[in-house]
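Okay, so here's the structure we're looking at.
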Amino acid sequence: MSTELALALTLLIPSLGGIGIALMGRYPNAREAVTLATAVILFTVVLGLLQEVLDGGRPTLSLIEVMPGLPLMLEIEPLGMLFGCIASGLWIINSLYSIGYMRGNDEHKQTRFYICFAIAIASAMGIAFAGNMFTLFIFYEILTLSTYPLVAHKENAEARSGARIYIGLLIGTSIGFQLVAIIWTWFTAGTLDFTAGGILRDKIDPTLLPFLLALYMFGIGKAALMPFHRWLPSAMVAPTPVSALLHAVAVVKAGVFTVLKVVIYIFGIDLLAETGASTWLIWAASFTLLAASLVAMSKDNLKARLAYSTISQLSYIILGAALASSLGILGGALHIATHALGKITLFMCAGAIYVATHKTEISDMRGLGRAMPFTFAAFCIGALSIIGLPPLAGTWSKWYLALAAADTGVLLVVGVYMVSSLLNVAYLMPIVARGFFSPSPEPAPQSVGAAATPGRGGIAEAPLLCVLPPCLTALGCLILFFYASDVIDLLRPIVE
């Protein structure tokens, strides 16, 4: 198979999968088989492109030239390869989980759910492999539109309100800020191609760089930099598989991925370091990082706490980019992978708890760990990875980010990272402790297919497809700790 065909298939496979899901909508087993087969085939195709990128190749496919010098094109570089592997790989896990969750809760309009999910993955692949800022922007907007029905899935007043906030903030920031920045870049540099070292050197007055950077950073609303973060907790009205999509597989990862692409290939880290144009972003990201952690501590609803945790963790990556150093870029890119595994684990565990007990408030989860040991053990592993404790994947990304802050001489940022990690402990570990060590106030409801009543000391986990996926991603947090150097080797060319 040629690389051009493989590149085209990364968009075609999930798109055709969405059509297949629609055709099989009346047959749930066939519909879900199509979903799983599509996810597996996509991941196989993406992995097939990996070796060429490792060998230094840059597979390229020009789709259409919109106007002279402005093509809609795909090109794979190491950072995009990482995001593509994350999105396509976790789609398999999330699809398994979605089957267990959607059936366990007897959710309505499941066919629409799977179709929109497939379109969202197709747009995530377009973002990952975009060859220029114009192409990335097109797929960025498609991702927003395709996930709107997922956020509004429950179709009640709360879901509609949350979905309006979601699409209003994301479309508003992308059109009001990001598109303006893209047009400014086009007229200034004469190109929107992602170019090693950036495209703005000697093309723009250095005093204007911070303003252009601000348009990009606040325009990339999916990165949830305060004050444009409210869409993320508002979107928690969606079913848990959608929350996992938002936080781990596609949406927020598309945001911070775009931040890194803009810093590396539009501005260039050397230009930002020389001009100090990103200094303001260091403090904006630091504020978001700490403020979101403090808000997370105040939330009793589990998904709300995890949502503000995500806002904080995204700012780790933005802060790494703002430091304008090779170590910061490597640490931020690695954190995309480590956070994806850790956070999808936490959200799937939250969904498993809901399916088994219909509990959403942390204060109601006393003693549940003894009834749901696999779910809470997976949650514990995911939480420890987010915190950054060895031997779990989050250790390495936080290590690189702290080294970047020390290397650039911004020692206060080292303190920000350390304080934030302590806050991670404060808002994540009490959930585990409450589940395993607090006495149960009363017997919890029997879950579907449960073997025993929790209050009587038995195990009452959610259905297998709600428990197995978070156990697999928790195992992934452990495995990635030992293979993080391979990810760094993949990423190293983007800073050389």
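The sequence shown lines up with residues 579 to 1074 when you count with this note's numbering.
Think of the CB as a built atom: it goes at the ideal place given N, C-alpha and C, for glycine as much as any other residue.
What you are looking at is a predicted structure, and each value in this text was computed from that prediction instead of being measured.
DSSP-derived helix/strand/coil call for residue i
{"i": "residue 1074", "result": "coil"}
{"i": "residue 644", "result": "strand"}
{"i": "residue 770", "result": "coil"}
{"i": "residue 1039", "result": "coil"}
{"i": "residue 986", "result": "coil"}
{"i": "residue 579", "result": "coil"}
{"i": "residue 725", "result": "helix"}
{"i": "residue 791", "result": "helix"}
{"i": "residue 778", "result": "coil"}
{"i": "residue 1050", "result": "helix"}
{"i": "residue 672", "result": "helix"}
{"i": "residue 731", "result": "coil"}
{"i": "residue 685", "result": "coil"}
{"i": "residue 1067", "result": "helix"}
{"i": "residue 848", "result": "helix"}
{"i": "residue 902", "result": "coil"}
{"i": "residue 1025", "result": "For residue 1025, the predicted structure reports a pLDDT of 45, less than 50, and the residue's modelled location is therefore unreliable. A value from the coordinates is still provided. Coil at residue 1025, not helix or strand."}
{"i": "residue 807", "result": "coil"}
{"i": "residue 967", "result": "coil"}
{"i": "residue 798", "result": "coil"}
{"i": "residue 746", "result": "helix"}
{"i": "residue 950", "result": "coil"}
{"i": "residue 703", "result": "helix"}
{"i": "residue 926", "result": "helix"}
{"i": "residue 1032", "result": "Any answer about residue 1032 is weak, because its pLDDT of 47 lies below 50 and its placement is not dependable; what the coordinates show is given next. If DSSP states are grouped into helix, strand and coil, residue 1032 belongs with the helices."}
{"i": "residue 602", "result": "coil"}
{"i": "residue 944", "result": "coil"}
{"i": "residue 816", "result": "coil"}
{"i": "residue 1017", "result": "coil"}
{"i": "residue 993", "result": "helix"}
{"i": "residue 754", "result": "helix"}
{"i": "residue 1006", "result": "helix"}
Supposed close pair residue i, residue j - CB separation, criterion 8 Å
{"i": "residue 1019", "j": "residue 944", "result": "6 Å"}
{"i": "residue 770", "j": "residue 712", "result": "5 Å"}
{"i": "residue 1014", "j": "residue 909", "result": "The pair is not a contact, with the Cβ atoms about 32 Å apart (cut-off 8 Å)."}
{"i": "residue 888", "j": "residue 810", "result": "6 Å"}
{"i": "residue 750", "j": "residue 638", "result": "Not really, about 33 Å apart at Cβ, beyond 8 Å."}
{"i": "residue 934", "j": "residue 1040", "result": "4 Å"}
{"i": "residue 822", "j": "residue 892", "result": "No, residue 822 and residue 892 are not in contact; Cβ-Cβ is about 15 Å, not under 8 Å."}
{"i": "residue 856", "j": "residue 791", "result": "6 Å"}
{"i": "residue 848", "j": "residue 775", "result": "7 Å"}
{"i": "residue 901", "j": "residue 867", "result": "The Cβ separation is near 13 Å, so there is no contact."}
{"i": "residue 657", "j": "residue 838", "result": "6 Å"}
{"i": "residue 689", "j": "residue 603", "result": "4 Å"}
{"i": "residue 1044", "j": "residue 682", "result": "6 Å"}
Classification of residue i by the beta-carbon crowding that lies within 10 angstroms, buried from 16 upward
{"i": "residue 780", "result": "exposed"}
{"i": "residue 580", "result": "exposed"}
{"i": "residue 642", "result": "exposed"}
{"i": "residue 1074", "result": "exposed"}
{"i": "residue 1005", "result": "buried"}
{"i": "residue 890", "result": "buried"}
{"i": "residue 597", "result": "exposed"}
{"i": "residue 736", "result": "exposed"}
{"i": "residue 652", "result": "buried"}
{"i": "residue 644", "result": "exposed"}
{"i": "residue 835", "result": "buried"}
{"i": "residue 629", "result": "exposed"}
{"i": "residue 674", "result": "buried"}
{"i": "residue 1060", "result": "exposed"}
{"i": "residue 1011", "result": "exposed"}
{"i": "residue 1120", "result": "Because the chain here runs from 579 to 1074, residue 1120 falls outside it and cannot be looked at."}
{"i": "residue 1002", "result": "buried"}
Those residues which DSSP pairs with residue i across a bridge
{"i": "residue 708", "result": "652"}
{"i": "residue 879", "result": "939"}
{"i": "residue 888", "result": "DSSP lists no partner for residue 888."}
{"i": "residue 638", "result": "653"}
At a cut of 8 Å, does the segment 779 to 798 reach the segment 750 to 769 through at least three beta carbon pairs?
yes
Pairs of beta-carbons, one from the segment 911 to 922 and one from the segment 967 to 982, closer than 8 Å: are there three or more?
yes
Using 8 Å as the Cβ pair cut-off and three pairs as the minimum, do the segment 802 to 817 and the segment 899 to 908 touch?
no
Evaluate the contact criterion for the segment 697 to 708 versus the segment 583 to 596: three or more CB pairs, one atom per stretch, below 8 Å.
yes
Any contact of the segment 650 to 670 with the segment 828 to 836, i.e. 3+ C-beta pairs under 8 Å?
yes
Specify whether the segment 949 to 962 and the segment 1062 to 1070 touch according to this definition: at least 3 beta carbon pairs, one from each stretch, less than 8 Å apart.
no
Would you call the segment 612 to 626 and the segment 664 to 671 in contact, with 3 or more CB pairs under 8 Å?
yes
Inter-stretch contact (C-beta, 8 Å, three-pair minimum) for the segment 961 to 972 and the segment 873 to 885
no
Is the segment 1046 to 1056 close to the segment 915 to 926, with three or more CB pairs under 8 Å?
yes
Do the segment 840 to 853 and the segment 759 to 777 make contact, defined as three or more Cβ pairs closer than 8 Å?
yes
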